[in-house]
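Q: Structure below; questions to follow.
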Amino acid sequence: MTTRTTQTSRVARHTPKRRYRPDLHGIRGLAILGVVLFHLFGNGRVSGGIDIFLTVSGFLFTAMLLREAAENDGRINFLAYFGRLFRRIFVPAAIVVVTTAIAGMIILPYTQHTQMLREAVASLLYYENLELINSQLSYDAAGPETSLFQHFWSLSVQGQFYLFMPFVILVLVWLARKRNQPAVFWLGGVLAVTLLISMAWAIIYGAQSQDEAYLATSTRLWQLAFGGLVAIVIDHLRLAKGLRFVLGWVGLFMVVSTGFLFDGGQQFPGPLALWPLLGLAFVLFAAAQDETTERGSVTQLLDNKVFNWIGDYSYALYLWHWPLLIFYLTLRDREAIGIRGGFVILAAAIVLAMLLNHLVERPIQSWGRRATGQRANTIPIAVGLVVMLVFSNIVANYIISTQQETAQDQEAGYALDTDTYPGALTTLEDGPQAPEVDTYEPNGEELAGVEQEYITQDCRQDGRNEPGSYEVTLCEDPDAPDNPSATVVLAPDSHAGHWEQTFKTLGREHNWEVILAIKYGCNFSGVPNEPGNDYCHKWNDNFMDYLESENIDLVIAPGTQMYSRPADEGFAEGAQRRWEQIAATDTPLLLIRGLIRPGGTSGTADCLVSGNPPEECGGMVGDAHQPNPIADEDLAETTHTVDMNPYVCPGVEQGPDTACSAVVGNVAVWYDNSHITPQYATTLAPIMEREIRDLYPELFTS
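Be aware that the sequence shown starts at 7, since it is given in the numbering used here, and climbs by one per residue.
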């Protein structure tokens with residue numbers, strides 16, 4: 007017994023003390039308030055509050071878990087641990103997730119429902135940051151199309167840490183007990199190594215894809231580890247009173263100034279994120295010693311009623327503010343909320359936060375303290391697991407049903423009855439008139455599913471800038487003829503891909519094989535080692551190698567880009583050099599002028615299915631009314647260009663302020679803010695043949 011007690015004492019030596027820290031409660035509330043205020047009034051800037059939030063989580067839970075395991079013979083009461091988590095964190099979050107999802111089904115356009123529900127489940131199961139990465143949804147400033155659950159990415163990182171950290175602590179305490187050494191030394195070493203590796207990875211990953219690095223758990227571990235290291239050393243760092251006084255105010259300045267000094271969205275979680283984290287550490291060090299709070303100190307400031315009140319409601323405020331912001335923008339059809347809107351949302355979020363706190367958070371905590379036996383732990387865990395299971399099952403069934411309906415529409419093909427849905431044919435002088443119909447095509451579920459169909463095709467290389475993303479992957483046509491008369495390749499990005507059905511329709515008529523070589527977001531460009539774009543350059547090089555090794559009869563590519571709304575037009579840097587390289591392989595090249603992009607604050611599909619007039623859901627002509635700029639380029643003999651804008655927006659020649667309808671000839675033109683629907687692309691096929699038959703007569707001999 008004495009040996010065990012001695013060993014436990016040695017293993018538990020130097021573990022963090024157990025005490026309530028009002029300064030920590032205050033700084034956490036201040037950090038979350040900063041996040042909310044910057045979301046509402048910061049024009050997309052990042053406050054640094056999330057970095058502090060994660061570090062505080064590392065500080066608190068590292069100390070708590072190490073103390074429990076070291077003082078209890080290497081054991082952690084997992085039932086009590088997860089019971090606390092479910093009561094304090096999961097239950098309020100689950101209420102917000104379910105409520106937001108239900109409201110989203112009512113308020114958001116149908117086209118957003120499937121992705122919104124996917125993210126609701128991801129938020130409930132704490133992998134929303136991974137869902138955002140996999141869906142290629144970056145951490146953006148709020149807009150009508152921004153995810154309702156985007157703010158759950160940080161809670162997901164936190165939840166993943168809470169899940170695996172107890173097991174790390176148990177292993178380290180076991181090793182410490184085996185060697186009769188203080189567990190804090192083992193943990194400190196592991197946290198230090200984790201900090202260095204994770205920070206290095208944040209730098210590397212950020213250079214490859216900042217959007218993903220911002221959200222990834224692996225790049226955020228160093229901030230959690232930083233908090234753990236502060237928890238380990240804070241009770242052993244003895245500082246003079248005057249130094250602590252100064253450190254506290256310096257630290258508070260660093261915390262508050264972060265959002266004004268740094269572009270966190272582009273620079274965090276790299277080394278510059280040390281600025282707010284060191285500020286937090288200074289604030290904590292200022293109150294580390296058990297002495298009377300000094301008058302005029304930061305500790306005294308953070309321990310007043312205002313900051314305690316903010317800390318009490320900060321979690322609920324964080325949960326509510328973001329969906330309210332997105333709902334406001336959607337209902338008002340705006341891209342920005344303005345000052346008045348910001349205060350309206352803030353007031354509503356505070357009211358909902360107080361209701362959630364008083365009706366849910368406090369009662370469940372009070373019940374947990376009163377409950378006898380294990381009921382305080384087993385009941386919240388059981389209820390939480392049931393909510394996870396039932397909600398996930400409901401969402402899964404909805405998504406499967408939607409996908410089946412979309413698949414049935416796709417199996418029927420994209421060709422429409424041209425008597426009823428003539429589409430682009432109505433733009434011709436000798437074209438048909440569109441009859442009156444009840445609705446356009448594609449509509450509803452089919453229009454909502456177009457984007458997901460394109461994104462989820464494995465043969466298309468995604469837009470990530472990471473190893474392996476520079477390989478040329480091909481989407482081959484399963485219905486291609488056995489002995490095609492010609493092989494046509496669409497490349498390199500999604501603006502080539504949206505012509506797929508145009509050329510597959512022509513391919514079926516003229517015995518072509520139509521292949522797609524797509525890397526999202528990657529133009530034909532020739533800028534080596536461009537920051538954040540080097541893998542696109544490598545993809546370009548590999549595509550040239552592919553052309554040299556294959557007998558391709560025609561490459562079809564976007565010639566210009568319409569960059570914004572109203573459309574302004576330009577070439578990708580170095581594009582002309584790539585065109586010359588393609589010509590040097592003796593491969594004919596067709597450059598299609600960039601198409602007009604729709605305007606509005608929401609996606610075209612969202613705008614249409616919300617019941618808005620098609621005239622309000624299309625774009626403005628912009629630069630497209632001017633002559634095709636590609637025609638002025640010194641093109642190779644086998645390189646030609648066409649301009650299809652007159653067949654997408656009738657009246658394009660009338661000037662830059664001419665409005666384009668999102669529905670032409672009873673067919674929806676765009677499925678988002680830059681890509682045409684496959685149905686409309688199909689109606690463009692006979693027009694495309696008119697445009698290119700004389701340019702490439704050898705393709706039309708069959």
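Just so you know, even glycine gets a beta-carbon here, dropped at the ideal spot from N, CA and C.
Round the Cβ separation of Pro-611 and Thr-117 to the nearest angstrom and send it over; I've been treating them as touching at under 8 Å.
A: Note that residue 611 is Ala in the sequence shown, not Pro. With 8 Å as the limit, Ala-611 and Thr-117 qualify as a contact, their Cβ atoms being about 4 Å apart.
Q: Taking the C-alpha atoms as reference points, what is the distance between Ala-377 and Ser-129?
A: 29 Å
Q: What is the rounded straight-line gap between the Cα of Pro-428 and the Cα of Thr-445?
A: 13 Å
Q: Should the stretch 337 to 355 be called in touch with the stretch 389 to 396, which here means at least 3 C-beta pairs below 8 Å?
A: A contact between stretches requires three or more CB pairs, one per stretch, nearer than 8 Å, and the stretch 337 to 355 fails this requirement with the stretch 389 to 396.
Q: Under DSSP, the beta strand (DSSP E) around Trp-518 begins and ends at which residues?
A: 518 to 523
Q: Where does Trp-676 fall in DSSP's three states?
A: strand
Q: For the alpha helix (DSSP H) that contains Leu-553, what are its first and last residues?
A: 540 to 555
Q: Look up Ala-492 in the DSSP assignment and say whether it is helix, strand or coil.
A: In this structure, Ala-492 counts as strand in the three-state DSSP scheme.
Q: Hey, Leu-193 and Thr-68: beta-carbon distance below 9 Å or not?
A: yes
Q: In terms of residue numbering, what span does the alpha helix (DSSP H) encompassing Pro-172 cover?
A: 158 to 185
Q: If we count the other Cβ atoms within 10 Å of its Cβ and call it buried at 16 or more, is Val-199 buried or exposed?
A: exposed
Q: Going by DSSP, which residues form a beta bridge with Leu-391?
A: Leu-391 pairs with nothing; no bridge assigned.
Q: Can you find a CB in chain C that lies within less than 9 Å of the CB of Ser-531?
A: Of the protein chains in the structure, only one exists, and it is not chain C.
Q: Thinking just about the alpha-carbon of each residue, which of Ala-109, Leu-154, Ile-112 and Pro-98 is nearest to the one in Glu-125?
A: Leu-154
Q: Tell me whether Leu-169 is buried or exposed, calling it buried when 16 or more other Cβ atoms sit within 10 Å of its Cβ.
A: Residue environment for Leu-169: exposed (fewer than 16 other C-beta atoms within 10 angstroms of its C-beta).
Q: Look up Glu-752 in the DSSP assignment and give the residues it is bridged to.
A: Only positions 7 to 708 of the chain appear in the structure, and residue 752 is not among them; the question remains open.
Q: What are the start and end residues of the beta strand (DSSP E) that includes Leu-597?
A: 595 to 598
Q: Using 8 Å as the threshold, is the stretch 307 to 316 in touch with the stretch 89 to 105, meaning 3 or more CB pairs across them?
A: no
Q: Quick one: what's Pro-619 bridged to in DSSP?
A: In DSSP, Pro-619 forms no bridge with anything.
Q: Hey, would you say Thr-644 sits closer than 9 Å to Ile-636, going by beta carbons?
A: no
Q: Use the C-beta contact count for Ile-108: other C-beta atoms within 10 angstroms, 16 or more gives buried, fewer gives exposed.
A: exposed
Q: Please state whether DSSP places Val-648 in a helix, a strand or coil.
A: strand
Q: Is the stretch 267 to 277 touching the stretch 208 to 217 in the sense that three or more CB pairs, one from each, lie closer than 8 Å?
A: yes
Q: One question on the structure: do Asn-449 and Leu-690 come within less than 9 Å of each other, judged by their Cβ atoms?
A: no
Q: Classify Ile-82 as helix, strand or coil using the three-state DSSP reduction.
A: coil
Q: Might you give, ordered along the chain, the residues of its own chain that have their beta carbon closer than 7 Å to the beta carbon of Gln-164, omitting 5 neighbours on each side?
A: Leu-60 and Ser-63
Q: Run through DSSP, which three-state label would Val-627 get?
A: coil
Q: Excluding five sequence neighbours on each side, which residues of the same chain lie with their C-beta closer than 6 Å to the C-beta of Asp-559?
A: Taken in chain order, the residues that qualify are Ala-492 and Thr-493.
Q: Any idea which residues DSSP pairs Ile-562 with across the strands?
A: Leu-496 and Leu-596
Q: Could you tell me which of Pro-369, Asp-678 and Asp-499 sits nearest to Ala-578, measuring between CA atoms?
A: With respect to the C-alpha of Ala-578, the residue from Pro-369, Asp-678 and Asp-499 having the closest C-alpha is Asp-499.
Q: Check whether the stretch 521 to 531 and the stretch 474 to 483 are in contact - that is, three or more C-beta pairs closer than 8 Å.
A: yes
Q: Taking Met-650 as the reference, give the member of Phe-158, Tyr-686, Gln-587 and Glu-622 with the closest Cα.
A: Tyr-686
Q: Flag this pair as yes or no: are the beta carbons of Ala-4 and Leu-197 separated by less than 9 Å?
A: The chain is shown from 7 up to 708; residue 4 falls before or after that span and cannot be answered.
Q: Given a cut-off of 9 Å on the beta-carbon distance, is the pair Glu-134 and Leu-161 in contact?
A: yes
Q: Is it right to say Glu-417 is buried, meaning 16 or more other beta carbons lie within 10 angstroms of its own, or is it exposed?
A: Caution is warranted here: a pLDDT of 49 is assigned to Glu-417, below 50, making its placement in the model unreliable, and no coordinate value can be reported.
Q: Taking 6 Å as the limit between beta carbons, can you name the residues of its chain near Gly-513, skipping five residues before and five after?
A: Contacts found: Val-520.
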